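Here is the structure we will look at, set down as structure tokens.
Numbering (my numbering), first residue to last: 10 to 188.
The following block contains the structure:
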């Protein structure tokens, strides 16, 4: 095998040509390398601009922040509703307890006709009505508690959906930088 060194005037051209495409559409804003330059995989080649895409990314990020604020607002409102409902429940529970004790205390007096039968009957009816109100408020409290978790979870799911959209927009904006 013979090796021989030869020199001659000329220019070298690479047989390997790579086409580079952007992940997003836009207008070329800046070109960072010249034709024929040696580049690495992470070399920034071109910067594109797309105001509509950049605005959509900003809107998406704003929507996420707004939805997060709405989660806090829903949690606060539901917390206030829970407190108000519990206060009302306890108020009716106390009123019912007082009415029931009054009926129990006055029952022997009514039997002995020390108090009027009509008064004893009104006291029993009042206690019965308070018993029904108490049952209603207990049921209302349970429904409120169950519904609160659902509303908060739905709002959080909305935040996650918007977060996904914002991430997509952010990725599209990053696609304006061609490496």
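Even glycine gets a Cβ: it sits at the ideal position worked out from N, Cα and C. Bear in mind that the values here come from a model prediction, so they are computed numbers and not experimental data.
Taking C-alpha positions only, residue 164 is separated from residue 64 by approximately 24 Å. Between residue 68 and the set 187, 183 and 175, the nearest pair of CA atoms involves 175. Scanning its chain for C-beta atoms nearer than 7 Å, with the 5 sequence neighbours on each side dropped, one finds around residue 146 the residues 97, 98 and 101, in chain order.
Closest by C-alpha distance to residue 186, out of 80, 45 and 54, is 54. Distance from the Cα of residue 137 is smallest, within the candidate group 107, 156 and 161, for 107. Within the region 33–76, complete alpha helix (DSSP H) segments of at least 4 residues are not found at all.
Taken through DSSP and simplified to helix, strand or coil, residue 182 comes out as helix.
In this structure, the straight-line span from the alpha carbon of residue 158 to that of residue 83 is close to 10 Å. Spatial neighbours of residue 81 in its own chain (CB-CB distance under 8 Å, excluding positions within 5 residues in sequence) are not present. Beta-bridge pairing by DSSP links residue 187 to 55.
Residues of the same chain with a CB within less than 8 Å of the CB of residue 115, apart from the 5 flanking positions on each side, are 124, 128, 129 and 132 in chain order. With a 10 Å radius around the Cβ and a threshold of 16 neighbouring Cβ atoms, residue 40 comes out exposed. Residue state for residue 96 is assigned as helix, using DSSP reduced to three classes. For residue 76, same chain residues with a beta-carbon under 6 Å away, outside a window of 5 residues either side, are 167, 168 and 171 in chain order.
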